[in-house]
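These protein sequence lines map, in sequence, to chains A and B. 44 is the number that this note's numbering gives to position 44 of the first sequence; each next residue is one higher, with no gaps. 1085 is the number that this note's numbering gives to position 85 of the second sequence; each next residue is one higher, with no gaps. Scroll down for the structure; my scribbles are underneath it.
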Amino acid sequence: MTERCGRASGSSLRWSWVLLLALTATPGCAHRGTSGHAVTRADSAPAVYPLWFIHPPAVPTGVGFSLPGHVTRGPAYTQAVEMAGRMLAWSTHVRVRGERLYWRTPDGRLESGGQKVELLELPELAPDICQLDTLNIDRYTWVVAHGRGSVIPVPAAVASFTPSAPAWIAVTPREPGWHHALGIATLASRDEPGSWELATYRALVELAIGVGARSGDLEKTLTGEQAGAGRLVFDTRMQGFHVAARWRDAHNVFVLARVRADRARTMLETSDDG
Amino acid sequence: MRYLSLSGGLALVFSLVLLSGCGGRGKTDLAPAPRGRVDVPEWFLNTPTDPHHLYATATMTSRDLQVAIQKAQTAARTELAQQMEARLGNLTRQFQEEVGLRDDSELLQQFTSATKIVTDQTLVGSRADQREILSESGIYRAYVLMSLPIGQANQLLMQKIRENESLYTRFRATQAFEELNRELEALRE
């Protein structure tokens, strides 16, 4: 296990001023449509992020960071390592099994009936198969977990998210041989790491559904109305899932995830469920 | 200025009277007032068509952005599944008409079970191609365009039919086979 520690206080100060000026110049910008999202920060949000967090490398890695407010670095480091470990486990090998329920109202609206998802076959990540890199920026501790054979240099460069939404939020990239999915979570200003983890988890589930899902009606009304319930069943095994890009605005965080098509397989045909 | 003087008020009324007479004489414009622009994405109104994909659009709302998108995607996926089911239903009917299966219900049953397997696996490779998110008074409205490649479903259907030799032999002699095979050939190119 290795660690690299770097400070970027000068850089973050400069970015804070840029951000402040940008916010002052656009006081009326609401989040109207995807192109009109404006970046505003909660007080507890990081001013800058590691560049590799915004534009992750194209290899499976796990990223974690700590909440500010820890008196010492120890608990912050532990929290970041745990998050990075979970992310790396998802990237290494995961079977996503679950079902999503929904029901239709007579006027055609669709209401969510909840979902049940299990993440199975996750690997135990022993220290000998992963390497951790650490980066301290302001009050935040960042940890990158690399799997065996995917260790990449982690530069200490920092950056801010662009004020306007990137194109991949509106148009999912189309790359032959890859599946892509978007995960979104409401930004919890007191738990931004948790928001990013939730968005990543949602992207993982969306990917699993995209790879293969079975859609079925549970019931239909006798009157022939559209009312009824349905479910979406999925059971997908993935290796090499990773985050391709991240973005956030004042209200939500966005994660674009992808997996190679030949490393993702639906298990529905052999599954007992159905 | 909060109060107008008497002379100022008279001048204002006089001006308004004069201005009201400037329009066309005796003609009243009955055209509806222009409405505010409705931000509906172009692909939502004109769903794309493509021989290799099925497309479906949907729009849903929620206070939570992810839920709005998820609901819209689920609705679109349901429609994709229905489109695929209808497509395979047509193929079954075509097969039935061409072969004249009144006397051979077992063969029809085999064909139907082959399409059933494909129908059960309909949503292989479904994806949200495009999405548009609008915020309306604290409520998100998500528009999504979902696509489903039909190549994988075609391949699976052909594979299942090939597994049954007698069914495959009868199927090969039909126009339905020709069409399915043509689609598979196009996919390989």
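All residues carry an ideal CB built from backbone N, CA and C; glycine is no exception.
DSSP places Thr-1057 of chain B within a strand segment (E or B) once states are collapsed to three. Among the residues facing chain A, Gln-1175 of chain B is not included, as its CB has no counterpart in that chain under 8 Å away.
Inter-residue distance for Gln-1066 of chain B and Glu-1098 of chain B is about 47 Å (C-alpha atoms, whole angstroms). Residues of the region 194-217 of chain A that bring their beta carbon within less than 9 Å of a beta carbon in chain B comprise Leu-198, Ala-199, Arg-202, Glu-206, Ile-209, Gly-210, Val-211, Gly-212, Ala-213, Arg-214, Ser-215, Gly-216, Asp-217, in sequence order. Per the DSSP secondary-structure output, Asn-252 of chain A pairs in a beta bridge with A:Thr-186. Comparing C-alpha distances from Ala-1176 of chain B to each of B:Gln-1094, B:Thr-1047, B:Ala-1086, B:Ala-1153 shows the shortest one belongs to B:Gln-1094.
With a minimum length of 3 residues, the unbroken runs of beta strand (DSSP E) contained wholly in the region 1115-1171 of chain B fall at 1127-1136, 1139-1149.
With contacts defined as CB atoms closer than 8 Å, Gly-216 of chain A and Tyr-102 of chain A fail to qualify as a contacting pair. Under DSSP, no beta-bridge partner is assigned to Met-83 of chain A. Taking all protein chains in view, the Cβ of Glu-124 of chain A is surrounded by fewer than 16 other Cβ atoms within 10 Å, so the residue is classified as exposed. In the DSSP assignment, Glu-192 of chain A falls within the unbroken alpha helix (DSSP H) covering 192-211. A straight line joining the alpha-carbon of Glu-197 of chain A with that of Val-63 of chain A spans about 9 Å. Taking the Cα positions, Leu-88 of chain A is about 9 Å away from Cys-130 of chain A. At least 8 Å separates the beta-carbon of Thr-134 of chain A from that of Val-1124 of chain B. DSSP places Phe-241 of chain A in the coil class of the three-state scheme, outside both helix and strand. Between Arg-248 of chain A and Leu-204 of chain A the beta-carbon gap is near 18 Å, outside 8 Å, which marks them as no contact. Judged by DSSP secondary structure, Phe-161 of chain A falls outside any beta strand (DSSP E); it is assigned neither H nor E.
By the criterion of a C-beta distance shorter than 8 Å, Ala-1072 of chain B is surrounded in its chain by Ala-1058, Thr-1059, Met-1060, Arg-1131, Ala-1142, Tyr-1143, Val-1144, once the five residues flanking it on both sides are discounted. The contact set of Arg-1077 of chain B on chain A, defined by CB atoms closer than 9 Å, consists of Ile-209, Ala-213, Ser-215, Leu-232 in chain order.
Under the Cβ criterion of 8 Å, Tyr-102 of chain A is counted among the residues facing chain B. In this chain, Glu-1042 of chain B is not harboured by any beta strand (DSSP E); it is covered by the alpha helix (DSSP H) spanning 1042-1045. In the structure shown, Arg-246 of chain A adopts extended strand secondary structure according to DSSP, grouped into three states.
Between the region 73-85 of chain A and the region 110-117 of chain A there are fewer than three C-beta pairs closer than 8 Å, too few to call the two in contact. Taking 8 Å as the CB threshold, Ser-66 of chain A stays off the interface with chain B. For Phe-254 of chain A, same chain residues with a beta-carbon under 6 Å away, outside a window of 5 residues either side, are Ile-169, Ile-184, Trp-247 in chain order.
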